[in-house]
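Numbering (my numbering), first residue to last: 40 to 1269.
Don't be surprised by glycine CBs; every beta carbon is placed ideally from N, CA and C.
This report refers to the structure that appears directly beneath it.
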């Protein structure tokens, strides 16, 4: 609390000069107290009215500026005296009571105080800021400009201090400091009559070199003061630089002789560096005040030295590039300068070419007038420069396809034929092909005749220089031909008919080039076949164009065109037969790859061809079936659609007959059924009226894998199956739904659901029969697994049939499945072959979740089942670390993620529950469990079944201690963000644009993931142990910002969002500062890593931001000004954040990341998982999951690792006290 001084006492202080003159203070503390009182008195003083006496004693002021006080050993006393003297200047302005010697001492003292800005140890700089503000306000430093004082040294020190040493960005109020320094320097220059050479160098040194590259505050400050005083400085600067450049050029000429010693070479290099420095200054001065300075460099363009000419050319290029108006005003000098395009130096010609390319792209007038210059550079003597000129011309054409000069494109075509270097000819040809692939459609449909002329003669030019050994060039030319085909539109004129015949001939020549007679490797043959397929597609386009040509087209044109088409058809027929002959020579394992490339999807095969295809494919399948059936499944899924699609319904009938006739040939039945399923999945209407025939064949099928394919096919034909189903099929489905394996039961029930409109009672009968199978005696048998799967399917497809009996079903699931199998009884050997108890547990969880999602629940029931699920999860965490516990925990995790789709359950699942899920997902000891949970989460986010706010659950997977899993998590986050971006663009294309300040933005914009991520990281289990660098949090932030800032200018939004969040408290823990610490850390990352990129506009975000309910506004106004991050905090940097795993360092040496000692297995994708992910009709059968009854002791196979134990303890603490401080790190050891 500050005591207010009375007016009488204040007047006494201001008049008591004797106290300081005779040093009446007893000690430093007494003096400091007196000076503080005097400082407050002067601070409140105002200037007296005209004619009134000064409110303070003149002797007091002169006593204070004695050397004893201004140079006192105590720095606080020096600072207080300096502040008081600044107020003396303010109150006494425009006069002052000091002698010249005292003024010098005062300025020296002020400069010493300003140096405190550069010292990090000085935490409180408020009084230094006060001194700076007073001197800027009163313009006290203009006294330095008095010639009688001879204060040039102090002036130079002042400019050096402000420009080179003080960094305002490191200060909390850096903007105000920068503004005051700017005012002081501008005032000094305004009043200066002369400027010393040293002072001028201090200013100019900040316009070049490192300050210019880094855009430091000194660079901006120097530009500001020069712009402010340009009338005074411009002439001086131009004269100094012109004189200096002449001197330096003459010095370089002296040392030009190569016979001179190395010492002279060093002198020459130093002069060149000075020239480069002044050239940079020249560019900056031109930007500050547009007065054309390039003319002053004209004599230097004719220098003999290549280095000097190059420096001059670079400077003039930059000046002309930044100032478009100079090109019109100084046309004569520009023409003289363009003569450097034929300079004898290769470096200068290259520089001129790059500059000319940018200029021609930007300026339409120069595009027309300077085309000869670019065209001439295509014929340069240097091979590299000719390639660079080709790239330049192509870039001009790509940027301005409608106005590109014709001579430039013709020059490219000439290079393809005439360049003496083969590599240059090939380079030019590839660039020209790529250009036409991109621009030919636009040129062909243009209104002017010039583009039409260009596209007529380009293909013959390319064909004349075609090299049949270069597959890449062939591919590029093929794209060129396809892109340049005339568009098929009614009403084509004669000119287009002529063009079409020309291109038909070109395609014939191209196809002839592809008829290679020499033996080829497998990969080359595959590429060749793919090229032929594309050419066949071109033929179809030609045929279509021929049918659209007008009857009034000339007979000669039609005859010429028809002859070309006939030649193409003949070549296609003979080539196809030759291709099959070549394939017959290949070994069985190679035919699969080549068949992919051979099949033509654009041509409908007749019955004879279909039979040939069938015979050849089936023979190859039989040969491969002997060893690996899974390989055949993959083959059927990928190859058969290419073989038989598109096909007519009669082809499908032929395949069904084939299926019926081959009852004893399993390989043929399996292949044909796989083909039928794949085609039906792509086009369900293809089966049509033949659905009944397929249903009869399925009812008679006994092979389990072929039966699964048949059931999947029937499930695809939902609208046709109901009419085609008969009693025989229903009876078959009824039996499969009650007695088959789990996967078959699911498929059978889905087929029955498709027949519900013709057989409404069938599904109810099956549901009742399934309920009767729920008996305690069925535990431990495969039948129980099928029953649980069947009930789950019924809940999914027809929950009304089980609504009344759902209580009994749920009671059995809770008591006799989940609670019964909650304790660890068996331990499997591998993740892909789990014990029976795990499979039963998983089916029970899925059945429970299906019931909760499809049957309406009360709020009390919701709370009850949420408590049940997390109780089961806690029970598993308390168990022994083994495969069973990890699989069961994974099942609960996936079930809870599915429940998060429901708003009712989202309200019931608390943040404490979510943190428990995060711990399970990131710290589970089994790597397969972590991978399966992460993949499940990712799929739900990508498909939109899980809302965007839960993306933080995926982001924290970047903390996985396995680097491979962490890298996969980062990629998945990027894919999810890209998916959100695409959805956002689709929404905008529909007519409504969602801005980041829109109230609906949190539902659509991925930027609003940040508040939830920040909130959850603030409750990170070992938050306190992350001090001081918080590397785990930094890693998550880096992963998020790297994905969300890609190709988007949203940095200013994050600035505002983080500043706003910092003004809010955590709802659960209002006194915690964790969220504020993370706001500062996130702000630091955004500012340093993403705030200086090209995608950042740097403009403040104009709208408002939406704040999550997890935050509540605070009453404190200090949060924004205070920095909460630790003083020792350091950024990790992107490269380290993406390569390092913060938790990996916390693992003890020799501790395994996973307690399971089996070989790595891929993520499990059984049928139940596919159903969860929405892929019920997944391709191909899967092996059934047979229960393993062999018991293995957990201690014998999997030890209870410290990782598992600590994770369990953390889960207890976190679930018990949601409002308490976070628990210890899950990797922390006792």
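Kindly provide the ranges of any alpha helix (DSSP H) runs that are 4 or more residues long and lie completely inside the segment 983-1048, ordered along the chain. Listed in chain order, they are 991-994, 1002-1028 and 1040-1043.
Would you mind working out which of 1038, 170 and 1075 sits nearest residue 1010, comparing C-alpha positions? Nearest of 1038, 170 and 1075 to residue 1010, Cα basis: 1075.
Quick check on residue 59: does DSSP put it in helix, strand or coil? Of the three classes helix, strand and coil, the one that applies to residue 59 here is helix, per DSSP.
Using beta-carbon positions only, say whether residue 973 and residue 996 come within less than 7 Å of one another. With respect to residue 996, residue 973 sits close: the two C-beta atoms are nearer than 7 Å.
Ordered along the chain, which non-local residues of its own chain (more than five positions away) have a Cβ less than 6 Å from that of residue 146? If we look at residue 146 and ignore the five residues flanking it on each side, its Cβ neighbours are 193.
Kindly list the residues whose CB is nearer than 8 Å to the CB of residue 377, restricted to its own chain and excluding five residues on each side of it in sequence; keep chain order. 391, 395, 409 and 412.
Is residue 458 closer than 7 Å to residue 464 when the C-beta atoms are compared? For residue 464 and residue 458, yes; Cβs fall inside 7 Å.
To the nearest angstrom, report how far apart residue 838 and residue 812 are at their CA atoms. The C-alpha of residue 838 lies about 18 Å from the C-alpha of residue 812.
Give me, in chain order, the residues of the same chain whose beta-carbon lies closer than 7 Å to that of residue 929; leave out the 5 immediate sequence neighbours on both sides. The residues are 968, 971 and 972.
Which value, in whole angstroms, describes the spacing of the CA atoms of residue 1228 and residue 990? Confidence at residue 1228 is low in this model, with a pLDDT of 32, below 50, so the placement of that residue should be treated as unreliable; the coordinate-derived value is given next. Taking the straight line joining both Cα atoms gives about 39 Å.
Opposing strand residues paired with residue 1105 [DSSP bridges]: Assignment of beta-bridge partners to residue 1105 by DSSP yields 1150.
In the DSSP assignment, find the alpha helix (DSSP H) that holds residue 459 and state where it starts and stops. Judged by DSSP secondary structure, residue 459 falls outside any alpha helix (DSSP H); it is assigned neither H nor E.
Please look up how many angstroms separate the CB atoms of residue 342 and residue 246, rounded, as I've assumed it's under 8 Å. Actually they do not touch by this definition, with Cβ atoms about 24 Å apart.
Considering only residues of the same chain and omitting the five flanking positions on each side of residue 382, which have a CB-CB separation below 6 Å? Same-chain partners within the cutoff: 388.
Does the separation of the CB atoms of residue 825 and residue 781 fall below 7 Å? Result yes, Cβ atoms of residue 825 and residue 781 sit closer than 7 Å.
Where residue 524 falls, given that 16 or more other Cβ within 10 Å makes a residue buried: For residue 524, the predicted structure reports a pLDDT of 47, less than 50, and the residue's modelled location is therefore unreliable. The matter cannot be settled from this model.
Keeping to the same chain, check which residues put their C-beta closer than 8 Å to that of residue 1053; ignore five residues upstream and five downstream. 1100, 1114, 1117, 1118 and 1121.
In terms of alpha-carbon separation, which member of 1086, 402 and 1148 lies closest to residue 1104? Of the candidates 1086, 402 and 1148, the one whose C-alpha sits nearest the C-alpha of residue 1104 is 1148.
Under the criterion of a Cβ to heavy atom distance below 6 Å, does residue 731 qualify as lining the ligand FAD? Summarising the ligand content, the structure contains no ligands, and the ligand FAD is consequently not present.
Nearest-angstrom beta carbon gap, residue 773 and residue 827 [assumed within contact, 8 Å]: Wrong, their Cβ atoms sit about 18 Å apart, outside the cutoff.
Report all residues from its chain with a CB closer than 8 Å to the CB of residue 994; omit the five preceding and five following residues, and keep chain order. 1008, 1012, 1048, 1052, 1075, 1078 and 1079, listed in sequence order.
Using beta-carbon positions only, say whether residue 454 and residue 424 come within less than 7 Å of one another. No, the pair does not count as a contact, with Cβ atoms beyond the cut-off.
Which residues in the same chain as residue 1176 place their Cβ atom closer than 7 Å to its Cβ, once the five residues preceding and following it in sequence are excluded? Here the set comprises 1073, 1074 and 1077.
For residue 743, report the span of its alpha helix (DSSP H) as first-last. Segment 743-755, the alpha helix (DSSP H) holding residue 743.
Taking only the alpha-carbon atoms, compute the straight-line gap between residue 878 and residue 830 and give it to the nearest angstrom. So the two alpha carbons sit approximately 15 Å from each other.
Going by DSSP, what residue range makes up the alpha helix (DSSP H) through residue 1077? Note, residue 1077: alpha helix (DSSP H), 1070-1083.
Write down every uninterrupted run of the alpha helix (DSSP H) in the segment 188-268 whose length is 4 residues or greater and which is fully enclosed by it, in chain order. Correct list: 191-199, 213-230, 236-243, 248-253 and 256-267.
Using the rule of at least 16 other Cβ atoms within 10 Å of the residue's Cβ for burial, across every protein chain shown, is residue 979 buried or exposed? Residue 979 is buried by the Cβ-count criterion.
Go through its chain and collect everything with a Cβ distance to residue 926's Cβ below 6 Å, but skip five positions before and after it. Excluding residues up to 5 positions away in sequence, 873 and 877 lie with their Cβ nearer than 6 Å to the Cβ of residue 926 in the same chain.
If we count the other Cβ atoms within 10 Å of its Cβ and call it buried at 16 or more, is residue 276 buried or exposed? Burial state of residue 276 is buried, judged by a 10 Å Cβ sphere holding 16 or more other Cβ atoms.
Using a Cβ-Cβ cutoff of less than 6 Å, which residues in the same chain neighbour residue 768 once the five nearest sequence positions on both sides are dropped? Non-local C-beta neighbours of residue 768 in its own chain, meaning closer than 6 Å and more than five positions away in sequence, comprise 734 and 738, ordered along the chain.
If you draw a straight line from the alpha carbon of residue 107 to that of residue 316, how long is it in whole angstroms? Cα-Cα distance, rounded: 45 Å.
Quick check on residue 942: does DSSP put it in helix, strand or coil? Note: residue 942 maps to helix in three-state DSSP.
Can you tell which of 155, 156, 150 and 173 has the C-alpha that lies nearest to the C-alpha of residue 123? Considering only alpha carbons, the answer is 173.
Excluding five sequence neighbours on each side, which residues of the same chain lie with their C-beta closer than 8 Å to the C-beta of residue 260? Cβ within range, chain order: 201, 202, 217, 220, 221, 224 and 245.
So residue 428 and residue 419 are in contact, right, with Cβ under 8 Å, and what is the actual spacing, rounded? Cβ-Cβ separation between residue 428 and residue 419: approximately 6 Å, consistent with a contact (criterion under 8 Å).
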